[in-house]
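Report on the following structure.
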DNA sequence: CTTGTGTGGTTGCATCATAAAACCATGTGC
DNA sequence: GCACATGGTTTTATGATGCAACCACACAAG
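Residue numbers (our numbering), protein chains in the order written: chain F, 519 to 673; chain G, 519 to 673.
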């Protein structure tokens, strides 16, 4: 097979998430959906992408349980695409991508928006990874461990 | 052009980061690099990917300033690929992807590792997004604002 | 009811990216 | 110098992407 190497059976959770949202358009579709876009035409005109690709992506996102098709909402007989909880759970990934760009992009001047706390209108802080006891962790403070609860039995 | 739509000039920071690391393999290469892999052959055997693709990806990551080629390290005359600060800054993105899989994957039993705090060996907490004053923020508590400091002048 | 228009797609190609395998250029051990 | 490992490049086949054209349906006007 010459296929695009599926990570579906991979044990690495990063590979598993890439399987669902690891392509060029999916994250941008989800980004727009978090902004409130719901209709096929809205996505198509906002993102400027080919309609066939959009159709394929939307179907894939629905299959992965990230979007759901809702029958209507404003009377018109067309359907809409709305995020599931699983889809809304992608928000931190988008924030992480955004903050990485903000911090390391070569031409930061081209970034035209900032993510702010709605109540105060002030920029948000960087994502924080903490230990159970609240200590702030960097990559060097972490390790991977095998998951407990794996049954060593053969049957 | 029918090319793979570059997001290089896009003003959205998410699109800009996808431009650099938005493909199937790059994030997995970086994941292994964070684990300490450095050599071409190490990446190739660990990830099981075609060597030509790996060569293209490594070059692209070097071009984007995510990896650097270091002349040597253990005496052998071959070169190594090491993460730059920009590359190490991708860590939160990987954590976000991992936590999303852990929370929403359909077959969580297939995930075999957990990310733990090295000092205590206990699982880390979920990534937290906070306001300047420390309030924990969810997606609904945030908004995008136009970036200040944009010069409205024509010259 | 027929015509027109907008929405929401599908179908055909042309082109690009990806994958596997073969090949090659160097370095390294003996 | 010879065999072998390392680190790639080239070749070729196939899947993915992109654009444009086409189609189906809803809805509204004439």
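Glycine included, C-beta positions come from ideal geometry on N, C-alpha and C.
Using DSSP bridges, identify the partner residues of residue i.
i	result
residue 632 of chain F	G:663
residue 600 of chain G	G:586
residue 641 of chain G	G:634
residue 654 of chain G	G:648
Got a sec? Which residues, its chain only, sit under 7 Å from residue i by beta carbon, not counting five neighbours each side?
i	result
residue 671 of chain G	At residue 671 of chain G the pLDDT is 47, less than 50, meaning the model places this residue with poor confidence; the figure from the coordinates comes in the next sentence. Correct list: empty, nothing qualifies.
residue 519 of chain F	Per-residue confidence for residue 519 of chain F stands at a pLDDT of 38, beneath the threshold of 50, marking its modelled position as unreliable; the derived number appears in the next sentence. Here the set comprises nothing.
residue 589 of chain F	597
residue 741 of chain G	Absent from the structure is residue 741 of chain G, since the part of chain G shown begins at 519 and ends at 673.
residue 525 of chain F	533, 534, 536, 537
residue 563 of chain F	none
residue 528 of chain G	534
residue 567 of chain F	543
residue 653 of chain G	none
Apart from the five residues just before and just after residue i, which ones in its own chain have a Cβ nearer than 8 Å to its Cβ?
i	result
residue 673 of chain F	In this prediction, residue 673 of chain F scores a pLDDT of 41, lower than 50, which makes its location untrustworthy; the coordinate-derived value is nonetheless stated afterwards. For residue 673 of chain F, where only same-chain residues beyond five positions count, there are no Cβ hits under 8 Å.
residue 641 of chain G	632, 633, 634, 635
residue 629 of chain F	619, 620, 623
residue 606 of chain G	552
Assuming residue i and residue j form a contact by the criterion Cβ under 8 Å, report the distance between their Cβ atoms to the nearest whole angstrom.
i	j	result
residue 556 of chain G	residue 599 of chain G	6 Å
residue 542 of chain F	residue 536 of chain G	6 Å
residue 623 of chain G	residue 531 of chain F	7 Å
residue 544 of chain F	residue 577 of chain F	That pair is no contact at about 11 Å.
residue 655 of chain G	residue 647 of chain G	5 Å
residue 584 of chain G	residue 538 of chain G	7 Å
residue 561 of chain F	residue 657 of chain G	In fact, because the Cβ distance is near 18 Å, the residues do not count as touching under 8 Å.
residue 546 of chain G	residue 565 of chain G	6 Å
residue 638 of chain F	residue 649 of chain G	6 Å
Can you give me the Cβ contacts of residue i inside the same chain, cut-off strictly under 6 Å, excluding the 5 residues immediately before and after it?
i	result
residue 551 of chain G	601
Are the segment 559-573 of chain F and the segment 611-621 of chain F touching by the rule of at least three beta carbon pairs closer than 8 Å? The segment 559-573 of chain F vs the segment 611-621 of chain F: no contact.
Pull out every residue of the segment 621-638 of chain G whose Cβ sits closer than 8 Å to any Cβ of chain F, in chain order. Correct list: 621, 622, 623, 624, 628, 629, 630, 631, 632, 633, 634, 635, 636, 637, 638.
Taking a cut of 7 Å between CB atoms, which residues from the segment 582-612 of chain G lie near chain F? Listed by position along the chain: 604, 606, 607, 608, 609, 610, 611, 612.
Please name the residues in the segment 552-563 of chain G whose beta-carbon is closer than 9 Å to at least one beta-carbon of chain F, in chain order. Residues are counted here when their Cβ sits less than 9 Å from a Cβ of chain F; for the segment 552-563 of chain G these are 552, 553, given in chain order.
Please name the residues in the segment 641-658 of chain G whose beta-carbon is closer than 9 Å to at least one beta-carbon of chain F, in chain order. Against chain F - using a Cβ distance shorter than 9 Å - the residues of the segment 641-658 of chain G are 641, 642, 643, 644, 645, 646, 647, 648, 649, 650, 651, 652, 653, 655, 656, 657, 658.
When Cβ atoms are compared, which residues of the segment 564-577 of chain F fall closer than 7 Å to chain G? Taking 7 Å as the Cβ-Cβ cut-off against chain G, none of the residues of the segment 564-577 of chain F qualify.
Name, going along the chain, the residues of the segment 534-551 of chain F whose beta-carbon falls closer than 8 Å to a beta-carbon of chain G. Residues are counted here when their Cβ sits less than 8 Å from a Cβ of chain G; for the segment 534-551 of chain F these are 534, 535, 536, 540, 541, 542, 545, 546, 549, given in chain order.
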